[in-house]
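Numbering (this note's numbering), first residue to last: 5 to 503. A short worksheet on the structure shown next.
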């Protein structure tokens with residue numbers, strides 16, 4: 005056992021004790037945190053506009069601060085970009101995390117001196133809790149790779165600006181810097197294919213023990229690595245690779261393909277980082293739900309997803325939520341976001357401690373006939389059908405087909421297979437049956453002969469890579485949407501259908 009692995013064990017035990025303390029006192033922490041945040045921002049422009057001096061509890065907060073998406077904060081953000089201090093939070097942010105919005109164009113999410121440490125701490129806690137549970141920190145003795153956006157930052161009137169992963173790259177603890185790959189120069193390569201080639205050159209002869217990134221892009225790295233090395237699987241290239249850390253999408257649809265590429269099942273840790281804050285992380289290898297990060301400068305609210313688009317939707321604090329309900333997640337933070345909808349949906353699996361699953365995006369759904377199919381339903385159905393009928397899925401998305409040349413409308417599943425299932429007819433029928441079990445509205449449409457059962461369109465293996473490249477979203481933190489309520493993506497992807 006190396007020095008770093010040895011030292012990680014007592015640190016992990018201390019971290020486990022610390023996290024256990026706050027996770028069981030989440031409600032008390034959240035109640036106090038809201039008032040601390042409001043008090044800190046009383047003299048800001050936003051605080052004055054929303055009478056923060058009159059807010060004394062959660063009920064008065066709701067009365068004074070309406071739910072907002074990015075457009076509702078954009079005027080305040082623009083003032084910060086022009087150089088004005090004390091707008092959303094005291095002083096000015098130290099960073100802007102630049103993200104792509106579907107309706108707002110580019111979004112500039114503030115990161116402050118107060119909020120940044122929590123991004124770093126949560127990532128560290130996820131790793132240390134793994135060490136505490138498994139008793140091994142061996143990954144700390146080898147090399148670690150983080151597939152991420154460029155760490156090069158631009159300047160927005162004195163505020164460093166870039167992708168979240170690029171910002172965080174500047175704050176990797178010193179004791180991990182020597183273990184970390186790729187190099188700064190390779191990480192700065194903008195063209196994703198060239199970047200992956202550079203990463204392979206730097207890592208192929210190293211002792212890689214931990215690999216982190218969005219599953220689809222790590223999968224792409226693994227495939228190119230095996231082509232370059234001529235090896236059968238990743239463990240032949242990296243015999244000590246033992247831990248995969250991921251976030252951003254559900255890993256289950258990728259699992260079979262990953263295990264085939266790696267050559268075995270390795271341990272994994274799911275994290276839920278966002279530009280707005282590090283929301284949650286997996287703290288137990290025996291439980292795939294995520295621990296809500298309730299002591300990290302973020303006050304959480306939740307709106308039932310089915311009511312999100314109502315004129316006055318109900319909103320609930322943490323102490324009011326229930327398990328099994330699909331909620332849109334709302335944040336107020338020490339970065340100056342106030343009752344801000346980040347666009348994600350979650351479902352609680354436990355209330356003591358508060359643990360959840362990420363179920364999708366509030367605006368990513370298929371509901372051409374009122375069925376409102378969500379990501380959780382399609383991903384779980386895909387997991388079940390692969391378990392039952394085999395096959396390896398590289399990537400997939402679902403879209404409605406409203407006007408087929410003949411017959412009833414249907415849901416089209418566009419799928420890239422690494423390995424086709426032996427019986428595609430049975431695969432398709434089972435997949436549709438799973439969807440009907442998970443979504444009663446979809447089932448009613450099938451039974452009522454409004455829709456016919458789903459149809460699968462098999463795509464070339466590189467179809468989704470071609471699609472993302474055509475959209476200027478190749479690599480980094482970009483993700484393929486699981487669902488569409490129109491055929492914009494589906495019609496483009498159709499050009500890569502298998503003959």
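Note that CB positions come from ideal geometry on N, CA and C, so glycine has one too. Quick caveat: nothing in here was measured; it's all calculated off a predicted structure.
Output the distance between the C-alpha atoms of residue 107 and residue 113, rounded to the nearest integer angstrom. Only weak support exists for where residue 107 lies, its pLDDT of 46 falling under 50; the coordinates are left without a value.
Would residue 397 pass as a contact of residue 415 if the rule is Cβ separation under 9 Å? no
Kindly indicate which three-state DSSP category residue 405 falls into: helix, strand or coil? When secondary structure is reduced to three states using DSSP, residue 405 falls in the strand class.
How many angstroms separate the CA atom of residue 234 from the CA atom of residue 314? 56 Å
Can you give me the C-alpha to C-alpha distance between residue 97 and residue 340, rounded to a whole angstrom? 9 Å
Would you call the region 374-392 in contact with the region 440-450, where contact means no fewer than 3 C-beta pairs closer than 8 Å? yes
Contact belief for residue 489 with residue 370 at Cβ below 8 Å, rounded distance in angstroms: 6 Å
Out of curiosity, what's the CA-to-CA distance linking residue 59 and residue 51? 10 Å
Alpha carbon of residue 459 to alpha carbon of residue 211, nearest angstrom: 44 Å
If you check the beta carbons only, do residue 142 and residue 272 fall under 9 Å apart? Cβ distance not < 9 Å, so residue 142 and residue 272 don't count as in contact.
Quick check on the DSSP output: the alpha helix (DSSP H) that includes residue 81 runs from which residue to which? 74-85
Could you check what DSSP says for residue 121 in three-state terms: helix, strand or coil? helix
For residue 474, count neighbouring C-beta atoms within 10 Å of its own C-beta (all shown protein chains included) and say buried if the count is 16 or more, exposed if not. In summary, residue 474 is exposed, with fewer than 16 beta-carbon neighbours lying within 10 Å of its beta-carbon over all protein chains present.
Can you tell me whether DSSP reads residue 371 as helix, strand or coil? Residue state, collapsed to three classes: coil.
Just checking my contact of residue 38 with residue 62 at CB under 8 Å: how many whole Å lie between their CB atoms? 6 Å
Cα separation between residue 185 and residue 207? 7 Å
Outcome for residue 4 when other beta-carbon atoms lying within 10 angstroms are tallied against a minimum of 16: In the structure as shown, the chain begins at 5 and stops at 503. Residue 4 is therefore absent and cannot be evaluated.
Rounded to the nearest angstrom, what separates residue 218 and residue 424 at their Cα positions? So the two alpha carbons sit approximately 23 Å from each other.
Pairs of beta-carbons, one from the region 129-143 and one from the region 273-288, closer than 8 Å: are there three or more? Output reads yes: the region 273-288 touches the region 129-143.
In the DSSP assignment, what are the bridge partners of residue 365? 348
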